[in-house]
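Have a look at the structure below before the remarks.
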Amino acid sequence: MTATLNYSFSKIAPTAPQPLDIFELKESNVRSYCRDFTATFHTAEGSTLTSEQGQVFIDFFSGAGALNYGHNNPVLKAALLDYIGNNGITHGLDFKTTAKKAFLTTFEEQILAPRNLHYKVQFPGPTGTNAVEAAIKLARKYTGRQNVVAFTNAFHGMSLGSLALTSNPRKRAGAGVSLNNVTFMPYDRYFGDGVDTSLYLANMLRSGSGVDKPAAIVLETVQGEGGVNSASAAWVRAVQAIAHEHNVLLIIDDIQAGCGRTGEFFSFEALGVTPDIVTLSKSISGYGLPMSLVLLAPHLDVWEPGEHNGTFRGNNLAFVTGKAVIDHYWSNAGFTQVLRDKAEQLHQGLQELSLGFAAKAPNRLKGRGFFRGIEFDDSALAQKIAAQAYAGGLIIETSGIDNQVLKFLPALTITPVQITQGLHILKQAFAEVTAP
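Printed below as a string of structure tokens:
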């Protein structure tokens, strides 16, 4: 795979922040990504970021999955500027607005109805964690039960309810209080390929197991922060069957895996399941604007007015760009095929790297669609390669409990040439890190 490189990438890591720069001086120690990606970024377009020093980086990170359609997508920007230029409403709480009306109509006609999905739509606060909080509150209210089942290596958010569903001990430690009313079960292949963990779940929900009957089972079809662990269709269908058998709600957290990341709009489409509740955020607005949704089966809508609300639950700017995404991309029958073709190009390139360096750096390729990862036996390698790739002009992150997985989330709109460029930089990083 060859292509002409359009950009000159820095081969030297950008200068580290000065001890007393404004970020070090005033921003909280909790900041994280800027410690790895040390440049001060100034502009962005499509799948590239440019620093204030003029360094250009290819983006295989996409705002942790919030920029599935790239930076400053011109179609979305035009719709947004037109709306703002005509004094469209920005802040609307849960008022009826023309922007919300247009988004809901398009979402129903172009996303839900063609997939034979009959969800109602709730707009909680604008973050993914708020969507998860709303989903589990609703499940508990509807069923009258408190316990919720989550899975090993899960990540569902950083507020207390969603953090209780998150397995990472470092994240959980920040709560400062006990995180209760959650039972963790083993995710698909947690004990290896030969163990069907859905049988463990089924047995633990039997009478006499000591596990309180849950209100809901919450899962990600691909665990992003947990290490790009992709559940099989058979396993997810088995979990749904178990949920139905016990009158337990199935909640799929599609915050990172949804909105096209795995190849279809919803990550569960190809798996043959229909969850009771779905959470969406990150790329639902398409432009990086904050918005989240809870999709719920109509009979579950037992909320009292205002029972779950938030000042910023109606982001009309996000409604505008979210509608434009659906109109331009998801109403186009050819979009998913183009997406599959580019996802296959990425997969083939990563597979070549994975196999080519397996002797020096034992690893395995994971994930599906445009949601990929390479897991290393030696966790330090993933972090070193990510750092070396950044020095070469490629932005990627690591994930997993030990940061042992290189995680790839390129924009769905990335060009084939940019995929090739990114893979070229990545190959150089592999070679430099694994050299004797």
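Just so we're aligned, residue 1 is where the sequence shown starts under the UniProt record's numbering, counting upward by one. Where a beta carbon is used, it is the ideal one built from N, C-alpha and C, also for glycine.
Within the segment 46 to 76, the complete alpha helix (DSSP H) segments at least 4 residues long are 62 to 65, listed from N- to C-terminus. In this structure, the straight-line span from the alpha carbon of alanine 139 to that of tyrosine 287 is close to 30 Å. Taking C-beta atoms as the reference points, serine 354 and glycine 65 fail to come closer than 8 Å.
Rounded to whole angstroms, phenylalanine 60 and glycine 144 show a C-alpha spacing of 43 Å.
In the assembly as shown, asparagine 180 is an exposed residue. Its beta-carbon has fewer than 16 other beta-carbons within 10 Å. DSSP lists Val148, Leu249 as the beta-bridge partner residues of alanine 216. The Cβ atoms of phenylalanine 123 and arginine 313 lie closer than 8 Å to each other. The segment 132 to 185 contains, as complete beta strand (DSSP E) runs of 3+ residues, the segments 148 to 151, 182 to 185 (chain order). Residue environment: threonine 262 is assigned as buried (16 or more neighbouring CB atoms within 10 Å of its CB, all protein chains considered).
With a 10 Å radius around the Cβ and a threshold of 16 neighbouring Cβ atoms, phenylalanine 191 comes out exposed.
Secondary structure of histidine 299 (DSSP, three-state): helix. Taken atom to atom, the span from the alpha-carbon of proline 169 to that of leucine 160 is near 14 Å. Where phenylalanine 191 is concerned, there is no enclosing beta strand (DSSP E), because DSSP gives it neither an H nor an E. Annotation: the continuous alpha helix (DSSP H) that includes lysine 427 extends over 416 to 434. Asparagine 153 is positioned such that its CB atom lies closer than 8 Å to that of serine 167.
For the pair alanine 131 and proline 74, the Cα-to-Cα distance works out to about 28 Å. The three-state reading of DSSP puts serine 399 in strand, counting E and B together. The three-state secondary structure of isoleucine 374, taken from DSSP, is strand. For the 8 Å CB-CB criterion, glycine 322 and phenylalanine 103 form a contact. Residue range 335 to 356 is occupied by the alpha helix (DSSP H) that includes glutamine 337, with no beta strand (DSSP E) assigned at that position. Ranking Arg189, Ile326, Ala387 by CA distance to the CA of tyrosine 33 puts Ala387 first. Nearest in C-alpha terms to valine 320, of all of Lys100, Asp36, Gly63, is Lys100.
Excluding five sequence positions before and after threonine 48, the CB atoms of its chain that fall closer than 8 Å to its own CB belong to Tyr7, Val56, Phe57, Ile58, Asp59, His71, Gln418, given in chain order. With a beta-carbon spacing of about 4 Å, alanine 257 and valine 222 fall inside the 8 Å limit used to define contacts. Taking a contact as a CB-CB distance under 8 Å, the pair aspartate 276 and isoleucine 242 does not count as one, their CB atoms being some 13 Å apart. Across the set Ile395, Pro298, Lys26, the C-alpha of Pro298 shows the shortest separation from the C-alpha of lysine 120. Between isoleucine 326 and phenylalanine 107, the C-beta gap is smaller than 8 Å, which places the two residues in contact. Alanine 361 counts as buried, since no fewer than 16 other beta carbons sit within 10 angstroms of its beta carbon.
The C-alpha of lysine 77 lies about 40 Å from the C-alpha of valine 149. The shortest CA-to-CA distance from leucine 412 to any of Glu375, Gln404, Phe371 is the one to Phe371. In this structure, DSSP gives lysine 101 a helical state, which the three-state scheme calls helix. For the 8 Å CB-CB criterion, phenylalanine 430 and isoleucine 385 form a contact. Rounded to the nearest whole angstrom, the C-alpha separation of serine 399 and phenylalanine 408 is 10 Å. Straight-line measurement puts the Cα of phenylalanine 23 at about 28 Å from the Cα of serine 281. Uninterrupted beta strand (DSSP E) stretches at least 3 residues long and entirely within the segment 219 to 297 occur at 249 to 253, 277 to 280, 293 to 296, given in chain order. Around histidine 156, the same chain offers Val132, Ser162, Leu165, Thr166, Asp253 as residues with beta carbons nearer than 6 Å, after the five sequence neighbours per side are excluded.
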